[in-house]
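Data block below; observations after.
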Amino acid sequence: MNTKMNLLRLLLPVIVFALLASCGRGKFSSEPPVHLNPNMDNQEKYKAQSENKFFEDGASMRTPIEGTVARGELREDDAYYRGKDASGAFIPNAPMVFTDDMRIRGKERFGIYCVPCHGVNGDGKGKILEYKYPIPPANFFDERIKGLSDGHMFNAMSEGWLNMPSLKAQIPVDDRWAIISYIRSLQQKGLSTP
Ligand code: HEC
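First residue of the sequence shown: 1, per the numbering used here; consecutive thereafter.
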């Protein structure tokens, strides 16, 4: 009898825990889950697209004050950030020496962002042609494209060019230069079938 009671006493917490843990499992509920220790998980805040009566325009999201630059956002170097010189003309050559590391990185990024349109080997025959894109993407082995300055290429990626969309939101500045380093090495090697 005594040992039985002892065993029950020992098992009781296990049974209670199992019952508690199984509560509500697998059931759907529109109520938020019970949060025993909320810490600072739920705080009052304004969400990006939410309304805010405090400001005149009623928006929570604020635009930077004119003439101010957020920390780390100063982009003074025209050559590096825009592919242009002080007069606004495209720079003939990239503002850095292309390295093997850049070409490796560039090849990878090229594969992600340019291949769907410009083709695996850069001949302009990407998958997009099957989807009736209004204009065929440039062939990087055309004499005219080979002759484009690095600054012009950088600008095409950053701002888009005629029927090519801007990719600056997807590709950071460093990677854009890396892609150019890879395209230049492709052009030097000449068109090849992959
Ligand atoms: C959505 C398809 C698309 C993607 C993605 C794309 N391009 Fe293009 N690109 C085009 C088209 C189309 C043209 C031809 C534009 C025209 O002449 O109207 C073009 C033209 C160009 C040109 C020639 C610009 C000139 O002066 O004629 C360069 C350089 C170029 N692309 C580089 C790139 C690079 C580098 C990438 C990848 C980072 C890329 N493109 C990604 C569609 C694309």
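Glycine residues also receive a C-beta, built at the ideal position from the N, C-alpha and C atoms. Fair warning: this is a prediction, and the values are worked out from it, not measured in the lab.
Indicate whether residue i and residue j have their beta-carbon atoms separated by less than 7 Å.
{"i": "G122", "j": "F140", "result": "yes"}
{"i": "W177", "j": "A89", "result": "no"}
{"i": "I145", "j": "A138", "result": "yes"}
{"i": "S185", "j": "R103", "result": "yes"}
{"i": "G147", "j": "K84", "result": "no"}
{"i": "I183", "j": "N163", "result": "no"}
{"i": "G124", "j": "I179", "result": "no"}
{"i": "D175", "j": "R109", "result": "yes"}
{"i": "M61", "j": "A79", "result": "no"}
{"i": "L36", "j": "Y113", "result": "no"}
{"i": "P92", "j": "S149", "result": "yes"}
{"i": "Y46", "j": "N52", "result": "yes"}
Please list, in chain order, all residues of the same chain as residue i whose beta carbon is under 7 Å from its beta carbon, the five residues on each side excluded.
{"i": "L7", "result": "none"}
{"i": "K132", "result": "none"}
{"i": "P116", "result": "G126, K127 and I128"}
With a CB to CB cut of under 8 Å and the five nearest residues on each side skipped, what residues in its chain are close to residue i?
{"i": "E99", "result": "According to the sequence as given, residue 99 is Thr; it is not Glu. Correct list, in chain order: S181."}
{"i": "G111", "result": "V120"}
{"i": "G190", "result": "F141"}
{"i": "I171", "result": "R109, Y113, M157 and I179"}
{"i": "D77", "result": "P95"}
Leaving out five residues on either side along the sequence, give the residues of the same chain with a beta carbon under 6 Å from the beta carbon of residue i.
{"i": "V69", "result": "none"}
{"i": "M153", "result": "I180"}
Consider the Cβ of residue i: report whether some Cβ of chain D lies at a distance smaller than 7 Å.
{"i": "I171", "result": "Chain labels in this structure do not include chain D; a single protein chain is all it has."}
Name, in chain order, the residues that DSSP records as bridge partners for residue i.
{"i": "K45", "result": "Bridge partners of K45: none, in fact."}
{"i": "F90", "result": "K84"}
Using a Cβ-based criterion (distance less than 6 Å to any ligand heavy atom), does residue i qualify as near the ligand ATP?
{"i": "P172", "result": "No copy of the ligand ATP appears in this structure; the ligands present are the ligand HEC."}
Q: Could I get the ranges of all uninterrupted alpha helix (DSSP H) runs contained in the segment 144 to 190, with 4 residues as the minimum, in chain order?
A: The segment 144 to 190 contains, as complete alpha helix (DSSP H) runs of 4+ residues, the segments 150 to 159 and 173 to 189 (chain order).
Q: Pick out the complete beta strand (DSSP E) segments inside the segment 101 to 133, 3 residues or longer, and give them in chain order.
A: Whole beta strand (DSSP E) segments, 3+ residues: zero.
Q: Please go through the segment 29 to 84 and give each complete alpha helix (DSSP H) segment of 4 or more residues, from N-terminal end onward.
A: DSSP runs (the alpha helix (DSSP H)) wholly in the segment 29 to 84: 78 to 82.
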